[in-house]
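Comments concern the structure below.
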Amino acid sequence: MVQSVFRSSVRYSSTVSKIARVPSKFNATSSASNVKPNYSKGTLYHHPSPSIAKISTPDAFLPSNDPRKGLNLSGKPSTSYANAPSLSTPTRRELNLTPAQVTEIQTLRMSEPDKWTRKALAEKFNVSPFTISLVSDANSERQEEMTQRLETIKKSWSEGRRRARLERQKRKVSWYRDE
Numbered sequence: 001m002v003q004s005v006f007r008s009s010v011r012y013s014s015t016v017s018k019i020a021r022v023p024s025k026f027n028a029t030s031s032a033s034n035v036k037p038n039y040s041k042g043t044l045y046h047h048p049s050p051s052i053a054k055i056s057t058p059d060a061f062l063p064s065n066d067p068r069k070g071l072n073l074s075g076k077p078s079t080s081y082a083n084a085p086s087l088s089t090p091t092r093r094e095l096n097l098t099p100a101q102v103t104e105i106q107t108l109r110m111s112e113p114d115k116w117t118r119k120a121l122a123e124k125f126n127v128s129p130f131t132i133s134l135v136s137d138a139n140s141e142r143q144e145e146m147t148q149r150l151e152t153i154k155k156s157w158s159e160g161r162r163r164a165r166l167e168r169q170k171r172k173v174s175w176y177r178d179e
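Here the sequence shown stands for residues 1 to 179, where the numbers follow UniProt numbering.
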């Protein structure tokens, strides 16, 4: 009795089920790669490839008597872009400041730090904001206010961003040490 139950279970487990109706490359009997080509009765006609278009044939490869030679059939303009107007005009910045301008920058920055920021002073005197930072510092109240702003921003950072900033600072220090 036990042997007959065992034999029937082995028989059922060893046969391949016909569940998969979709051909797949993992099923060898019904694989999509086993499909035989179905040739229809009659003559098979493979037409020749069309002639090569002028777009893909450069002038160097055309014969000298070909009427297509010298024609701009590719649609690319032959005009030069050197005469086209520029999209943005480069701004010429001053590289030197006079002592009178330096004192004016310092007084403006100390008197109204909220109005005369580095960017505003750079636009007024036509220099870079870096030049303004070299010439004058913001007053201590303004620096304290900016430090407080930065601290409130840093408090809202997530732990991941805080860790990433710390890693960035460590990398920067190692760059300066040439490590």
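All C-beta atoms in this analysis are idealised placements derived from N, C-alpha and C, irrespective of residue type, glycine included. Nothing here was measured: the structure is a model prediction, and the numbers come from that model.
Between the CA atoms of Arg-118 and Ser-80 - distance to the nearest angstrom: Cα to Cα, the separation comes out at about 41 Å.
Where Leu-121 falls, given that 16 or more other Cβ within 10 Å makes a residue buried: Under a 10 Å Cβ-count criterion, Leu-121 is classified as buried, with 16 or more other Cβ atoms of the shown protein chains found around its own Cβ.
Own chain partners of Asp-66 with C-beta closer than 7 Å, once the 5 adjacent residues on each side are dropped: Within the same chain, Asp-66 has no close Cβ partners at all.
Asp-114 versus Glu-145 - alpha carbon distance: If you draw a straight line from the Cα of Asp-114 to the Cα of Glu-145, it is about 11 Å long.
Per-residue DSSP class, three states only, for Ile-67: Contrary to the premise, residue 67 reads as Pro rather than Ile in this sequence. Coil at Pro-67, not helix or strand.
Cα-Cα separation, Leu-87 to His-47: Whole-angstrom Cα-Cα distance: 51 Å.
For Asn-139 and Gln-169, the rounded distance between their alpha carbons: If I take the Cα positions, the gap works out to 27 Å.
Assigned exposure category for Ser-158 - 16 Cβ within 10 Å defines buried: So Ser-158 counts as exposed.
Cβ neighbour criterion (16 or more within 10 Å) applied to Ser-136: The residue in question, Ser-136, is buried, as its Cβ has 16 or more Cβ neighbours within 10 Å.
Cβ of Thr-117 within 7 Å of any chain D Cβ: Within the model displayed, chain D is absent; a lone protein chain is all it includes.
Segments assigned alpha helix (DSSP H), at least 4 residues, entirely inside the segment 93-173: Listed in chain order, the complete alpha helix (DSSP H) runs (minimum 4 residues) inside the segment 93-173 are 99-111, 118-125, 129-135, 140-155.
For Asp-178, the three-state DSSP class (helix, strand or coil): In the structure shown, Asp-178 sits in coil (DSSP, three-state: anything other than H, G, I, E or B).
Alpha-carbon spacing of Thr-147 relative to Asp-178, whole angstroms: One alpha carbon belongs to Thr-147, the other to Asp-178, and they sit about 30 Å apart.
Supposed close pair Arg-93, Ser-128 - CB separation, criterion 8 Å: Contact annotation, Arg-93 with Ser-128: C-beta distance approximately 6 Å; criterion of less than 8 Å satisfied.
For Ala-60, the three-state DSSP class (helix, strand or coil): Helix.
Inter-residue Cα distance where the pair is Ser-64 and Gly-70: Approximately 10 Å between the Cα atoms of the pair.
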